[in-house]
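Take a look at the structure set out below.
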Amino acid sequence: MSVDKCNLPIGVFDSGVGGLTVLRALQDLLPHENFLYLGDTARVPYGAKSADSVIKYALQAGDALVAEGIKMLVIACNTASAVSLKSLADKYSPLPVIGVIKPGAEAACLASVNGKIAVIATENTVNGGAYQRTICSMHPNAEIIAQPCPLFVGLAEEGWTEGELVEAIAARYLEPLFAKFGDEGPDTLVLGCTHFPVLRGAIANVAGKKIKLVDSAETTAKTVKNILAESKLGNCSTQLGHISFLATDSAKRFAAVGGAFLGVEIDPKDVKVIDL
């Protein structure tokens, strides 16, 4: 593998800024890699869109990243991973394409002791059954109940991540969900949308200390690291990598909201607005 190819960035995309939680985990684990992040902020959220629309949007985002020159594509969106992973993998082969559903399911199976796993996600991800199928394939005896939490995406995008209002909405979603499991209840809760980790504190307050919260970010980062090693695509540079940002709507808003997801401030001047 040529050095030039190894120096290419890893492309990461999401419907908005939620995928920056995945990017944050990737950067923490792979500090010498370069990244190109695309947030389709003009069309967020994907969770209530039809599967055909999500596939179309995902392919447009993939085309934009591939045109820039990338060595791997990470779908940092649970909805897009659930419905468009195969379409993207088929179109861009042999480029490695990684989704977040499988890593998240693996993390849930490892975390759960009693096999009772609750999943919260967008409407499309829940109705498509991607987490349910994937977890069952790894843990056939697991009991999985999923609940759409569409308001969480809006709260996260608005930066409303804590406080009484957020916890009240979380309780409205979680209490009926947990009750469906009966007296023992679930011991694991999958945050099945990359927007949800910024609401982790509020969700944890409602869920209680006995329930382990799982998101796919760290597990996805480990998967990416393993594939880079297997494919000999890892960046050999000893210098810290660079992140470039693309968005399909306001750079100022992307930077303002995205900083909370990435954990560092984003300068609007570093965000290039593109049209898909």
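Residue numbers (the working numbering): 23 to 298.
Even for Gly, the Cβ is constructed at its ideal location relative to N, Cα and C.
Predicted, not measured: the structure shown is a model, and the values here were computed from it.
Checking the DSSP bridge columns, you'll see A127 has no partner listed. Look at T210 here: in three-state DSSP terms it is strand. Between the C-alpha atoms of D289 and G280 there is a straight-line separation of about 10 Å. Per DSSP, E165 is one residue of the beta strand (DSSP E) stretching across 165-170. In the three-state DSSP reduction, K138 falls in the strand class (E or B). Closest in C-alpha terms to H217, from the list A282, L48, P31, comes A282. With a 10 Å radius around the Cβ and a threshold of 16 neighbouring Cβ atoms, V246 comes out buried. In the three-state DSSP reduction, D205 falls in the coil class, being neither helix nor strand. Around the Cβ of S72, a 10 Å sphere holds fewer than 16 other Cβ atoms; the residue is exposed.
Looking at the DSSP output, L268 sits in a beta bridge with L60, K294. Taking the C-beta atoms as reference points, V212 is found no nearer than 9 Å to I120.
In the DSSP assignment, D26 falls within the alpha helix (DSSP H) that extends over 25-29. Exclusion of the five residues before and after A192 leaves A224, I225, V228 as the residues of its chain whose Cβ lies within less than 6 Å of its Cβ. Assignment of V96 by DSSP, reduced to helix, strand and coil, places it in the strand class. For G185, the secondary structure class from DSSP, reduced to helix, strand or coil, is coil. Annotation: G151 is outside any alpha helix (DSSP H) and is labelled neither H nor E by DSSP. In this structure, S109 keeps its C-beta atom at 9 Å or more from the C-beta atom of L87. In the DSSP assignment, D36 is bridged to G61. Contact holds between the region 93-101 and the region 25-39, because three or more Cβ pairs, one in each stretch, are under 8 Å apart. Per DSSP, L117 lies in no beta strand (DSSP E) and is assigned neither H nor E. Of the other Cβ atoms in all chains shown, fewer than 16 fall within 10 Å of the Cβ of I296; this residue is therefore exposed.
DSSP places K244 within a helical segment (H, G or I) once states are collapsed to three. CA-CA distance, L221 to A143, rounds to 13 Å.
When DSSP states are grouped into helix, strand and coil, K108 belongs to the helix group.
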